[in-house]
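Comments concern the structure below.
Number of protein chains: 2
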Amino acid sequence: MVDQTVNVTLTEDTKQKPVAEQLEFGRVFTDHMFIMDYIEGKGWHNPRIVPYQPVTLDPAAIVFHYGQTVFEGLKAYVTKDGEARLFRPEKNMQRLNRSNERMCIPHLDEDVALNAIKQLVSLERDWIPTAPGTSLYIRPFIISTESYLGVAPSKTYQFLVILSPVGAYYKEGINPVKIAVEDEFVRAVKGGTGEAKTAGNYASSLKAQELVSDKGYAQVLWLDGLEKKYIEEVGSMNVFFKINGEVVTPALNGSILEGVTRNSVIRLLNHWDIPVAERKISMEEVYEAYEKGLLEEAFGAGTAAVISPIGELSWKGEQLIINDRVTGSVSKRLYDTLTGIQYGTEEDPFGWIEKVK
Amino acid sequence: MVDQTVNVTLTEDTKQKPVAEQLEFGRVFTDHMFIMDYIEGKGWHNPRIVPYQPVTLDPAAIVFHYGQTVFEGLKAYVTKDGEARLFRPEKNMQRLNRSNERMCIPHLDEDVALNAIKQLVSLERDWIPTAPGTSLYIRPFIISTESYLGVAPSKTYQFLVILSPVGAYYKEGINPVKIAVEDEFVRAVKGGTGEAKTAGNYASSLKAQELVSDKGYAQVLWLDGLEKKYIEEVGSMNVFFKINGEVVTPALNGSILEGVTRNSVIRLLNHWDIPVAERKISMEEVYEAYEKGLLEEAFGAGTAAVISPIGELSWKGEQLIINDRVTGSVSKRLYDTLTGIQYGTEEDPFGWIEKVK
Chain A
1 MVDQTVNVTL TEDTKQKPVA EQLEFGRVFT DHMFIMDYIE GKGWHNPRIV PYQPVTLDPA
61 AIVFHYGQTV FEGLKAYVTK DGEARLFRPE KNMQRLNRSN ERMCIPHLDE DVALNAIKQL
121 VSLERDWIPT APGTSLYIRP FIISTESYLG VAPSKTYQFL VILSPVGAYY KEGINPVKIA
181 VEDEFVRAVK GGTGEAKTAG NYASSLKAQE LVSDKGYAQV LWLDGLEKKY IEEVGSMNVF
241 FKINGEVVTP ALNGSILEGV TRNSVIRLLN HWDIPVAERK ISMEEVYEAY EKGLLEEAFG
301 AGTAAVISPI GELSWKGEQL IINDRVTGSV SKRLYDTLTG IQYGTEEDPF GWIEKVK
Chain B
1 MVDQTVNVTL TEDTKQKPVA EQLEFGRVFT DHMFIMDYIE GKGWHNPRIV PYQPVTLDPA
61 AIVFHYGQTV FEGLKAYVTK DGEARLFRPE KNMQRLNRSN ERMCIPHLDE DVALNAIKQL
121 VSLERDWIPT APGTSLYIRP FIISTESYLG VAPSKTYQFL VILSPVGAYY KEGINPVKIA
181 VEDEFVRAVK GGTGEAKTAG NYASSLKAQE LVSDKGYAQV LWLDGLEKKY IEEVGSMNVF
241 FKINGEVVTP ALNGSILEGV TRNSVIRLLN HWDIPVAERK ISMEEVYEAY EKGLLEEAFG
301 AGTAAVISPI GELSWKGEQL IINDRVTGSV SKRLYDTLTG IQYGTEEDPF GWIEKVK
């Protein structure tokens, strides 16, 4: 067993923290970062917190050429009483290892990784913004660092954690967005890497996103790669539809990311006795429900926006206007409850909160 | 128009060149590299040759998280008379731009890029190994360097070229290999990134490759992602089957990489009046031909191995032994002719060779 004590080197040059109104997503980073190395035969070793600094790699490093990399995304929140906390972070660590498995990256001890995150967040405690809806975004990621141009798993890696104070995703609270159903490009297919949180999935999504942005849509809704018939995800969120009183979300099928917010939404709906189903759902079915006046709400669910209501869905030249472009009552209740639990204004009946000392 | 004069900074510390017998693939790099920067609004600028050195990037650089990157692979050869030369390099530059288009990376001037490669190869002329079958592998690649965690195309990039002296792919000349047909994992699907030379395609292939390597197979043969029925590629090469006198290769369909060697093989077969077809071909068809004794040869075609004969194909528990595990006459003729043109022992009837001064 390699010594897992985290060596801490403090910066001598602290940065100025951004003012709350200027907070964006993922542009500003805190004073320190976490790094741990992996070498085949030795395992993960040398966990350390160091001043935020550039990564220096050989130009032949595998990550630059073959994209062998995984990442996670979660947030630290601060309550009115000044308590720092994470939301279900163990789910992110479990998913990180599932992604590692798919991408041939060595398993990471989930407790070691989570403790590293907590220690880093604790050190950067003053970087967690306090204005409503703001938080400290946490980005753990692993890169393949071996200098080798053969197509093979790397023999060396780095696990890094960086932190970014972020603003509210929607400055005026949640607001329904316009989404375009994508019927040319494909995000993922069964047997591919869709359920892993890995770079290539995001790289492949850029083109479709760029094309719909030009037409005024916030995100694309991805259909399955086989028949382009069944709904998968929206942008980088999971998606839910409320049809005739029942909330439906695509079942996990190997090409859909297993979102932590997705899981939390399902748990809350069950808790509230609102019918919820995980199953295959086609765009035809959504359209038919819409035609009959039964499509009551639609929303995306993910760490960044928490709940993102969909006000308009564009599909095959048709514009589906959902709930008069107003946030639906279930969407609103989910958003309020989830953010309430995260910021400590609501009870935490499921033990989802992990305090940071 | 930005000044495209290449600024050259020579190393003060030249490395020792590896001996011919110890040459591997992609492990040793030359003394210098090429770099050029891109900034939105300014375009590609500051082309320079510098001592081979690490790349230093912010840990939030997009390439580490979302894999927005493309690459190419080609080789420099030296003739008996000491002439350095490239093989159809303009095809690689064209494909680099097609990959850029798919990955939302800005277009690169193909002449500027090719001239940079030629200037770098010329400077590193003494690094081109001279033993039979050896060459200098050229790896141009573009990485997204903006420090931003939003999922969007980067506003800054670097184009780099590194060089690696490589040994003969097969030390004893060409030798038939064992290939396993992959029916669980998928490399690419229509609407995805299969025809782009981008990191994610290679990352997603690692798992399947790892599993078949453990069973003694050199590579996997990829089937289409929709029906897992039609043949796409083998490992990171294109694939050809000679059936009853006709050579068949999968038609380009949006998920197959358009190989330079693939194109050269087709041109040579046409030139020789050997029937060749680019069309859909299923594993069922290959198996039926095998059963009838009509599957005469099979081979992969790519820059690294040139021609790689397939001696055994494993599919659904069946072992198809092809041509008694001996290299077929068409495979051999293609290999001899292509390498002959590359090394200058054969005529170059198509003008494929580009000399490096």
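For the record, the sequence lines run as chains A and B.
Position 85 (the first sequence) corresponds to 85 in the UniProt record's numbering; numbering is contiguous.
Position 334 (the second sequence) corresponds to 334 in the UniProt record's numbering; numbering is contiguous.
Note that the Cβ used here is the ideal one computed from N, Cα and C, for glycine as well.
Is the Cβ-Cβ distance between residue i and residue j less than 7 Å?
i             : j             : result
residue 136/B : residue 161/B : no
residue 133/B : residue 186/A : no
residue 176/A : residue 48/A  : no
residue 122/B : residue 194/B : no
residue 20/A  : residue 131/A : yes
residue 81/A  : residue 52/A  : no
residue 248/B : residue 274/B : no
residue 320/B : residue 165/B : no
residue 29/B  : residue 150/A : no
residue 283/A : residue 212/A : no
residue 110/B : residue 163/B : no
residue 260/A : residue 88/A  : yes
residue 54/A  : residue 58/B  : yes
residue 142/B : residue 105/B : yes
residue 258/B : residue 252/B : yes
residue 369/A : residue 196/A : Residue coverage of chain A in this structure runs from 1 to 357, which leaves residue 369/A outside it and unanswerable.
residue 202/A : residue 66/B  : yes
residue 206/A : residue 243/A : no
Which of helix, strand or coil does DSSP assign to residue i?
i             : result
residue 307/A : strand
residue 261/B : helix
residue 44/B  : strand
residue 135/B : strand
residue 149/B : coil
residue 52/A  : coil
residue 126/A : helix
residue 21/B  : helix
residue 332/B : helix
residue 30/B  : coil
residue 356/A : strand
residue 121/A : helix
residue 143/B : strand
residue 9/B   : coil
residue 35/A  : strand
residue 253/B : coil
residue 244/A : coil
residue 1/B   : Residue placement at residue 1/B is flagged as unreliable, the pLDDT there being 47, under the threshold of 50; the coordinate-derived value follows with that caveat. Three-state DSSP puts residue 1/B in coil, outside helix and strand.
Thinking residue i and residue j are a contact (beta carbons under 8 Å), I'd like their distance in whole angstroms, please.
i             : j             : result
residue 103/A : residue 68/A  : 6 Å
residue 147/A : residue 218/A : Between residue 218/A and residue 147/A the Cβ distance is about 40 Å, and since that is not below 8 Å, they are no contact.
residue 50/B  : residue 36/B  : Incorrect: roughly 11 Å between the Cβ atoms, too far for contact.
residue 199/A : residue 200/B : 6 Å
residue 71/B  : residue 153/B : With 8 Å as the limit, residue 71/B and residue 153/B do not qualify as a contact, their Cβ atoms being about 17 Å apart.
residue 238/A : residue 267/A : No, residue 238/A and residue 267/A are not in contact; Cβ-Cβ is about 13 Å, not under 8 Å.
residue 178/B : residue 278/B : Actually they do not touch by this definition, with Cβ atoms about 26 Å apart.
residue 310/A : residue 301/A : Contact flag wrong, Cβ pair sits at about 11 Å.
residue 356/B : residue 85/B  : 6 Å
residue 145/A : residue 78/A  : That pair is no contact at about 34 Å.
residue 296/A : residue 323/A : 6 Å
Completely contained beta strand (DSSP E) runs for the stretch 157-234 of chain B, where each covers 3 or more residues: The stretch 157-234 of chain B contains, as complete beta strand (DSSP E) runs of 3+ residues, the segments 177-182, 219-223 and 231-234 (chain order).
Interfacial residues, the stretch 62-93 of chain A to chain B, with Cβ spacing under 7 Å: Against chain B - using a Cβ distance shorter than 7 Å - the residues of the stretch 62-93 of chain A are 63, 64, 65, 66, 67, 68, 69 and 71.
Against chain B: residues of the stretch 9-39 of chain A by CB proximity under 7 Å: Listed in sequence order: 25, 26, 27, 29 and 33.
Sequence ranges, beta strand (DSSP E) only - wholly within the stretch 266-326 of chain B, length at least 3: The stretch 266-326 of chain B contains these whole beta strand (DSSP E) runs: 276-278, 295-302, 306-315 and 318-321.
Positions along the stretch 202-224 of chain A whose CB lies within less than 8 Å of some CB in chain B: Residues of the stretch 202-224 of chain A with a Cβ closer than 8 Å to any Cβ of chain B, in chain order: 202, 203, 204, 205, 206, 207, 209 and 210.
Interfacial residues, the stretch 273-295 of chain A to chain B, with Cβ spacing under 7 Å: Among the residues of the stretch 273-295 of chain A, none has a Cβ less than 7 Å away from any Cβ of chain B.
Residues from the stretch 122-156 of chain B in contact with chain A, defined by Cβ distance under 8 Å: So the list reads 137, 139, 141, 143, 147, 148, 149, 150, 151, 152 and 153, given in the order they occur along the chain.
Members of the stretch 252-267 of chain A near chain B, C-beta cut-off 8 Å: Close to chain B, meaning a Cβ-Cβ distance shorter than 8 Å, is no residue of the stretch 252-267 of chain A at all.
Secondary structure, beta strand (DSSP E): runs of 3+ residues fully inside the stretch 45-112 of chain A: Entirely contained in the stretch 45-112 of chain A, the beta strand (DSSP E) runs reaching 3 residues are, in chain order, 55-57, 69-71, 74-78 and 84-87.
Against chain B: residues of the stretch 157-168 of chain A by CB proximity under 7 Å: Hits within the stretch, in order: 160, 162 and 164.
Chain B contacts made by the stretch 47-62 of chain A, where a contact means CB separation under 7 Å: Listed in sequence order: 54, 55, 56, 57, 58, 59 and 60.
Residues, ordered as in the chain, of the stretch 95-126 of chain B that lie near chain A by beta-carbon distance below 7 Å: Taking 7 Å as the Cβ-Cβ cut-off against chain A, the residues of the stretch 95-126 of chain B that qualify are 102, 103 and 104.
Selection of the stretch 232-248 of chain B by Cβ proximity to chain A, strictly under 9 Å: Residues of the stretch 232-248 of chain B with a C-beta atom less than 9 Å from some C-beta of chain A are 235 and 236, listed in chain order.
Residues in the stretch 322-340 of chain A having any Cβ partner in chain B nearer than 8 Å: So the list is empty, because no residue satisfies the distance condition.
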